[in-house]
Structure formats: C-alpha cells, structure tokens
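Notes for the one structure printed next.
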Amino acid sequence: RYLAETVKKDPRLVEVILQQSARIIRASPGVLITETLHGLVCANAGVDSSNSAQDDQVIILPQDPDRSARGIRSAFESSARLPLGVIVSDSFGRPWREGSTNVSIGISGFEPLEDARGRGDDHGRVLRATVVAIADEIASAAQLVMGEFGGVPAAIVRGALITVSESAGAGALQRSRETDLFR
3 RYLAETVKKD PRLVEVILQQ SARIIRASPG VLITETLHGL VCANAGVDSS NSAQDDQVII
63 LPQDPDRSAR GIRSAFESSA RLPLGVIVSD SFGRPWREGS TNVSIGISGF EPLEDARGRG
123 DDHGRVLRAT VVAIADEIAS AAQLVMGEFG GVPAAIVRGA LITVSESAGA GALQRSRETD
183 LFR
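Under the numbering used here, the first residue of the sequence shown carries the number 3, and numbering increases by one thereafter.
This is the structure:
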C-alpha cells in the first residue's frame, strides 16, 4: 500500500506489477521502473491496461516470450511452408528520449544482434563498438504499420537482412549488470 501511495497508482495494479517483477529499480510519483522476471528493465514490469477488454483488467507480458515466438513461428511455418523469423514485441519508453518505441521481448528463427565490430565503415574506419539490435529495429518498423491501437496485432516484414538461427533468443539483447547503467 505504501508503494502504491508513493507512485500514486491503484494498489491492485501495483500488486500485479510486483508479482511480475524481480526487483524495483525506481519508484516516484507516477513512475515505477522495475526489472521483470524476464530481466527487462521497463515501466510497470510491462503490465498495461491499454487495449484490455475490461476497465478493471490488465495485460501482462508472456511468461516466456521466446517460447511464445517459437510457438507462433511453428504454427506459421507449417502453413506457409517456408522458414520465418518471429518477434514478440512491446512498446517501451526510453530513459533519454520522449515517447515509446517497439522492442523485441521474444524472438525465434534469427539472431537478434548483428555484431559489426571489426568491420570497416563507409570511409574505411574500423568499427569498435557497433552492435546493431536488428530485432528491435524490425520490431520498431513493424510498429509503424501496427500502431499502438486499432486492432492490428501483427505485421509481416519482408526483405530484412537477418542471420538465421535456431538457438537465439531475446535474452541476447539484455545488457549484463556490469554494463547496464540502471541496475
């Protein structure tokens, strides 16, 4: 109850957020940043009431987003009869910028990161730190056509340059505690 009063949120909502959280990162009026049980650092542990069918109902993230992506991929590949990559995504706020963008929280069928370190840039300089979050870029592009509301739950992205992988998951996108500026 104290936490709900601190963040000025409904105690029932805060209880669900706590159930979906490994720990609280920051709590202040209107803001509850947590680390989810999946290791994501985000507002309200990803618990959201938008697009919920009932006023007193909230939506939580999938228990295992990578497993969800694998299940969706399996179902679509059996009907499409061609290899696919699948992203389960959610919109996230960003600490240094206004607005939200879509990010991948579950992945199946491709590598989520492209490590460009050691390659030359357009002018021949060696890249030393560039690792591209391909899965997040695809998720964000898909959000342009899906929108935040309007009932479009999925998008098909063609022509994305990906590296096929059977073992990769969204966990590869999480920073380690040593390199994370917030944990």
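Don't be surprised by glycine CBs; every beta carbon is placed ideally from N, CA and C.
Is DSSP giving residue i helix, strand or coil here?
i, result
"glycine 120", "coil"
"phenylalanine 151", "coil"
"serine 70", "helix"
"asparagine 16", "Note that residue 16 corresponds to valine in the displayed sequence, not to asparagine. Valine 16 falls in the helix class under three-state DSSP."
"asparagine 46", "helix"
"threonine 38", "strand"
"isoleucine 136", "helix"
Since I believe residue j is in contact with residue i (beta carbons under 8 Å), could you give me their beta-carbon distance rounded to a whole number of angstroms?
i, j, result
"isoleucine 140", "valine 166", "Actually they are not in contact, since the Cβ atoms of isoleucine 140 and valine 166 sit about 14 Å apart, beyond 8 Å."
"alanine 45", "isoleucine 35", "6 Å"
"leucine 39", "alanine 24", "6 Å"
"alanine 157", "alanine 144", "4 Å"
Identify, in the order they occur along the chain, each residue of the same chain with its Cβ nearer than 8 Å to the Cβ of residue i, setting aside the five sequence neighbours on each side.
i, result
"isoleucine 74", "Val88, Val90 and Ser110"
"serine 54", "Val60 and Ile61"
Just mark residue i as buried or exposed, buried being the case when its beta carbon has 16 or more other beta carbons within 10 Å.
i, result
"phenylalanine 151", "exposed"
"arginine 130", "exposed"
"threonine 181", "exposed"
"aspartate 201", "Nothing can be reported for residue 201, as the shown portion of the chain is limited to 3 through 185."
"proline 85", "exposed"
"aspartate 92", "buried"
Give every residue of the same chain whose Cβ lies closer than 6 Å to the Cβ of residue i, excluding the five residues on either side of it in the sequence, and list them in chain order.
i, result
"threonine 103", "Ser142"
"alanine 162", "Ile140"
List the residues that DSSP assigns as beta-bridge partners of residue i.
i, result
"threonine 165", "For threonine 165, which the question treats as bridged, DSSP gives no partner whatsoever."
"asparagine 104", "Ser93"
"isoleucine 26", "Thr36"
"isoleucine 158", "The partner list for isoleucine 158 (beta bridge, DSSP) is empty, contrary to what the question assumes."
"serine 81", "In the DSSP output, where bridge partners are listed per residue, serine 81 has none listed."
"arginine 99", "Arg96"
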